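Asks: Oh and the sequence shown: position 36 is 36 in my numbering, straight run, nothing missing. If you scroll down you'll find the structure; I have some questions about it.
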Amino acid sequence: MGFFAALREDVATARSHDPAARSSIEVFLAYSGLHAVWGYRLAHIIWVAGFRLPARLLSQFLRFLTGVEIHPAATIGRRLFIDHGMGVVIGATAVLGDDVMLYHGVTLGGKSRHHRRDEKRHPTLEDGVTVGAGAKVLGDITLGAWSTVGANAVVTKDAPPNSLLMGIPATIRPADPDATESARGVVYDV
């Protein structure tokens with residue numbers, strides 16, 4: 001996918017998830033979560049090319065500008081939408097599939113400082129996972145596709161696809177499709 005096609009896709013994703021989005025130009029100019037994702041994509045290219053320090057400096061500058069911290073080593077699929085953005089942290093070994101949605105204050109972090117540098121220590125979110133405001137998803141765990149994490153939940157264990165995770169520590173139960181769609185806030189008349 002070309003650069004401009006990817007930008008259009010990201011703007012369309014934001015518009016489809018946020019009922020407050022009035023126009024594509026508003027989303028393009030004013031959505032810090034979107035700016036953070038675009039900056040991450042550039043920092044990730046620099047990181048993969050082996051220029052680690054410039055990639056980290058760019059990611060920290062983007063954190064300053066957007067309030068969103070995404071490590072350039074993280075692996076992120078297409079159409080990530082970060083709603084409101086502020087306070088989101090995505091760790092270095094995190095892996096996010098396509099169509100993931102994060103609300104403000106989400107942490108995808110590690111849970112121990114006793115790891116080797118080359119060891120995976122952050123979560124994997126499969127396609128379509130939604131993580132509610134203030135939730136913490138910690139450690140080398142996997143949340144199955146189309147799962148939903150409730151606001152302020154603390155998740156430290158794997159969850160199968162189509163799960164609903166709520167509470168501290170999070171309890172896991174099957175999610176009904178209406179709950180999943182409601183959590184994602186998809187707007188169909190964009």
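Using N, Cα and C, we set each Cβ at its ideal position, and we do this for glycine too. Owing to the predicted nature of the structure, the values given are computational and were not obtained by experimental measurement.
Please report the distance separating the alpha-carbon of Asp189 from that of Arg52.
Replies: Position 189 of the sequence shown holds residue 189. Position 52 of the sequence shown holds residue 52. At Asp189 the pLDDT is 49, less than 50, meaning the model places this residue with poor confidence; the figure from the coordinates comes in the next sentence. Going by the C-alpha atoms only, they are around 42 Å apart.
Asks: Using 8 Å as the threshold, is the C-beta distance between Leu34 and Ala14 below it?
Replies: Counting from 1 along the sequence shown, the entry for residue 34 is found at position 34. Counting from 1 along the sequence shown, the entry for residue 14 is found at position 14. Cβ atoms of Leu34 and Ala14: closer than 8 Å.
Asks: State yes or no: is the C-beta of Leu125 within less than 8 Å of the C-beta of Val100?
Replies: For the purposes of this step, residue 125 is identified with residue 125 of the sequence shown, where counting begins at 1. For the purposes of this step, residue 100 is identified with residue 100 of the sequence shown, where counting begins at 1. Yes, Cβ-Cβ distance for Leu125 and Val100 is below 8 Å.
Asks: Could you tell me which residues DSSP pairs with Leu165 in its beta bridges?
Replies: In the sequence shown, residue 165 corresponds to position 165, counting from 1. Note: Leu165 sits in a beta bridge opposite Val149, Ile172.
Asks: Please report how far the alpha carbon of Asn162 lies from the alpha carbon of Pro177, in whole angstroms.
Replies: In the sequence shown, counting from the first residue as 1, residue 162 sits at position 162. In the sequence shown, counting from the first residue as 1, residue 177 sits at position 177. About 8 Å.
Asks: In three-state DSSP terms, what is Leu143?
Replies: If you number the sequence shown from 1, residue 143 lands on position 143. DSSP places Leu143 in strand when its eight states are reduced to three.
Asks: Mapping DSSP to helix, strand and coil, what is Thr66?
Replies: Counted from its first residue, the sequence shown places residue 66 at position 66. The answer is helix: DSSP assigns Thr66 an H, G or I state.
Asks: Go ahead and pull the three-state DSSP assignment for Phe51.
Replies: Taking the sequence shown and counting its residues from 1, the one referred to as residue 51 is at position 51. In this structure, Phe51 counts as coil in the three-state DSSP scheme.
Asks: For a test of the three-state rule: what should DSSP assign to Val154, helix, strand or coil?
Replies: Stepping through the sequence shown from its first residue, residue 154 is reached at position 154. Correct three-state label for Val154: strand.
Asks: Here's the rule I'm using: 16 or more other beta-carbon atoms within 10 Å means buried, otherwise exposed. How should Ile70 be labelled?
Replies: Within the sequence shown, the letter at position 70 stands for residue 70. With 16 or more Cβ atoms within 10 Å of its Cβ, Ile70 is classed as buried.
Asks: Would you grab the beta carbon distance between Val88 and Ile82 for me? Rounded to a whole angstrom, and I think it's under 8 Å.
Replies: Locating residue 88 in the sequence shown gives position 88, counting from the first residue. Locating residue 82 in the sequence shown gives position 82, counting from the first residue. Right, their Cβ atoms sit about 6 Å apart.
Asks: Could you compute how far the alpha carbon of Leu42 sits from the alpha carbon of Arg56?
Replies: Taking the first residue of the sequence shown as 1, we reach residue 42 at position 42. Taking the first residue of the sequence shown as 1, we reach residue 56 at position 56. Rounded to the nearest angstrom, the two C-alpha atoms are 11 Å apart.
Asks: Based on DSSP bridge pairs, tell me the residues matched to Gly109.
Replies: Counting from one through the sequence shown, the residue named residue 109 turns up at place 109. Answer is Leu138, bridged to Gly109.
Asks: Whose C-alpha, out of Lys136, Ala159, Lys111, Arg22, is nearest the C-alpha of Ala153?
Replies: Numbered from its first residue, the sequence shown carries residue 153 at position 153. Comparing Cα-Cα distances from Ala153 to each of Lys136, Ala159, Lys111, Arg22, the minimum goes to Lys136.
Asks: Can you have a look at Asp18 and say buried or exposed, based on whether 16 or more other CB atoms are within 10 angstroms of its CB?
Replies: Translated into the one-based positions of the sequence shown, residue 18 becomes position 18. Counting Cβ neighbours within 10 Å, Asp18 comes out buried, since at least 16 surround it.
Asks: Check the C-beta distance from Pro123 over to Leu102 and give it rounded, since I have them as a contact under 8 Å.
Replies: Indexing the sequence shown from 1 puts residue 123 at position 123. Indexing the sequence shown from 1 puts residue 102 at position 102. Between Leu102 and Pro123 the Cβ distance is about 12 Å, and since that is not below 8 Å, they are no contact.
Asks: Could you tell me which residues DSSP puts in a beta bridge with Ile82?
Replies: Stepping through the sequence shown from its first residue, residue 82 is reached at position 82. For Ile82, which the question treats as bridged, DSSP gives the partners Leu102.
Asks: For Ala14, name the three-state secondary structure that DSSP assigns.
Replies: The residue labelled residue 14 in the question sits at position 14 within the sequence shown. It is helical.
Asks: Pick from Val95, Gly128, Leu164, Ile76: whose alpha carbon is nearest that of Gly139?
Replies: Numbered from 1 along the sequence shown, position 139 holds the residue referred to as residue 139. Of Val95, Gly128, Leu164, Ile76, the residue nearest in Cα terms is Val95.
Asks: From Arg8 to Trp146, what distance separates their C-alpha atoms?
Replies: Position 8 of the sequence shown, counted from the start, is the residue given in the question as residue 8. Position 146 of the sequence shown, counted from the start, is the residue given in the question as residue 146. Going from the Cα of Arg8 to the Cα of Trp146 covers about 24 Å.
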